[in-house]
Amino acid sequence: MTPPHPALDVRPITEPELQEWLRAVHTGFLREPLVSDTELEARRPQFTPGRFLGAFDGDKCVATFRSFDQELTAVGGAAVPADAITGVTVTSTHRRRGLLTRMMAKDLAAAKERGDVVATLIAAEYPIYGRYGFGPATSMTEWTIDVPRTGLDPRRSGAPDDGGRIDLVDGEDVRKLGPELHERMRRAQPGAVSRGEMWWQMNTGVVRLEPSWKEPFYALYRSADGEVEGLAAYRVDDSWHDKQPQDTATVDWLIATTPAAERALWRHLCSIDWVTTVRSGWRSPDDLLPFFLPNPRAARITTQADWLWVRILDVVRALEARTYAGEGSLVLEIVDGDGMTGGRYRLEASTAGGSCTATTESAELTLDVSELAALWLGDESAVRLAALGRVREERAGAGRVADALLRTSGRPWCPDMF
0 MTPPHPALDV
10 RPITEPELQE
20 WLRAVHTGFL
30 REPLVSDTEL
40 EARRPQFTPG
50 RFLGAFDGDK
60 CVATFRSFDQ
70 ELTAVGGAAV
80 PADAITGVTV
90 TSTHRRRGLL
100 TRMMAKDLAA
110 AKERGDVVAT
120 LIAAEYPIYG
130 RYGFGPATSM
140 TEWTIDVPRT
150 GLDPRRSGAP
160 DDGGRIDLVD
170 GEDVRKLGPE
180 LHERMRRAQP
190 GAVSRGEMWW
200 QMNTGVVRLE
210 PSWKEPFYAL
220 YRSADGEVEG
230 LAAYRVDDSW
240 HDKQPQDTAT
250 VDWLIATTPA
260 AERALWRHLC
270 SIDWVTTVRS
280 GWRSPDDLLP
290 FFLPNPRAAR
300 ITTQADWLWV
310 RILDVVRALE
320 ARTYAGEGSL
330 VLEIVDGDGM
340 TGGRYRLEAS
350 TAGGSCTATT
360 ESAELTLDVS
370 ELAALWLGDE
380 SAVRLAALGR
390 VREERAGAGR
400 VADALLRTSG
410 RPWCPDMF
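Going by numbering that gives the first Met the number 0, the residue at position 399 of the sequence shown is 398; the numbering climbs one at a time, nothing skipped.
Below, the structure written as structure tokens:
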């Protein structure tokens, strides 16, 4: 008698299986389960043996998982090697059978063996990834700007008033100037991740997943001395009602290395004729955007949520990679149910850097590895987590010590979806 649930094969796919794997991705994300030749050819350069995992029921792929090399910026600007996870799906007919657990275990073990310090992902659903040691390490906020209420003078051109200039450029200019600008931005932004050549090709139309791809507008900001300091990609939905324009400009992405560049780009977006609404895209929760406007209330928050999730794979290297604004020490008991990086560690921090070593001293703060991820980039508070019962103070006041050492004045932010 054939068992109702035969054993499923979880393994790396081969390149000839890429189309079947992509079909399963579409199915898992509730998209049309057909894979166009355009998408298949666009995805082929991404294929890396061993990094595309699938679960197979016979010759049918019923679960998917992909990872790729990435760098994540720690507090202070150091780039740590990361295992970036994406394309995670389980077909509805094969849920609750441990497929994600098997794929995750295989991938994280390989990442640990490679020497990656962390793993990263953007979680489609909140409850899934905590059980694998991931914690929400950054947040994002999206603003919707009611342009007529901003207080900006509609008679002004929107040109920068600081001696800089904004030019509309094309995809070739973006591919030439964007990577170096992004590198400067991400080195100064904890939580930011690297962008490979494929990212720039896919976001400027060289590589198109679908034939219907439409090129956005690209606005480039140069300072008064000619330095490229900001770049934005945006699209405009043309809409008229009663012979009045009510267009919406939606930002795909906007990066800048100075507040002046950010201010100039947002003011440009708010000065485009016919545009009455600007949607900001995914921004840092402490973004300066609303305060670039004479009336900050014209920018209302329409989305606020967790964003980048991090899984610490090496506690020592993670804590030693970042910088610290003050001095102090703390003994941490890290609980890791998967046995990858748990243990007791003594953190010695100063403005010159941090030292983290295994210790047998009594723990002062006990926390799961997923909570360490939430603290590591400086966004979360150990005192808050203790109030929620998610960390435990073994010594009174240890949460305040952790906050003094780990929290940062500016919030971490990941501009990217992957």
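Note that the Cβ used here is the ideal one computed from N, Cα and C, for glycine as well.
- With respect to the C-alpha of G190, the residue from V390, R296 and R321 having the closest C-alpha is R321.
- For P11, there is no enclosing alpha helix (DSSP H); the enclosing beta strand (DSSP E) covers residues D8 to P11.
- In this structure, the alpha-carbon of F51 lies about 11 Å from that of A62.
- If the five residues before and after E392 are omitted, its C-beta is found closer than 7 Å to the C-beta atoms of L364, A385 and G398, all from its own chain and listed in chain order.
- A buried status is given to T26, since no fewer than 16 other beta-carbon atoms sit within 10 Å of its beta-carbon.
- For F46, the CB contacts under 7 Å within the same chain, skipping 5 residues up- and downstream, are E14 and L17 in chain order.
- The continuous stretches of alpha helix (DSSP H) do not include D68, which lies in the beta strand (DSSP E) extending over residues K59 to T72.
- Boundaries of the alpha helix (DSSP H) around S369: V368 to W375.
- With a 10 Å radius around the Cβ and a threshold of 16 neighbouring Cβ atoms, A23 comes out buried.
- For Q303, there is no enclosing alpha helix (DSSP H); the enclosing beta strand (DSSP E) has its first and last residue at A298 to D305.
- Counting only runs of 4 or more residues that sit fully inside the segment 324–397, the alpha helix (DSSP H) segments are 368–375 and 381–386, in chain order.
- Per DSSP, the unbroken alpha helix (DSSP H) holding E171 starts and ends at G170 to R186.
- Contact between R194 and D415 is confirmed by a C-beta separation of about 7 Å, below the 8 Å threshold.
- By the neighbour-count criterion, in which 16 or more other beta carbons inside 10 Å mark a residue as buried, Y125 falls on the exposed side.
- The three-state secondary structure of G129, taken from DSSP, is helix.
- Under the three-state reduction of DSSP output, T149 falls in the coil class, being neither helix nor strand.
- The Cβ neighbour count for P153, taken over all protein chains shown within 10 Å, is under 16; the residue is labelled exposed.
- Residue range D36 to R42 is occupied by the alpha helix (DSSP H) that includes D36.
- Only exposed fits D236, as fewer than 16 other CB atoms lie within 10 angstroms of its CB.
- Per the coordinates, the alpha-carbon of R296 lies some 38 Å from the alpha-carbon of M197.
- Excluding five sequence positions before and after V334, the CB atoms of its chain that fall closer than 8 Å to its own CB belong to G341, T365, L366, D367 and V368, given in chain order.
- Annotation: R95 to R278 spans about 38 Å, alpha carbon to alpha carbon.
- Separation of A298 and V168 (C-alpha to C-alpha, rounded to the nearest whole angstrom) is 27 Å.
- Taken in chain order, the complete beta strand (DSSP E) segments of 3 residues or longer contained in the segment 73–144 are 78–89 and 117–121.
- Pairing A255 with L264 gives a Cβ-Cβ distance under 8 Å.
- Cβ-Cβ distances below 8 Å link E209 to S35, T37 and E38 in the same chain, with the five nearest sequence neighbours on each side left out; the list follows chain order.
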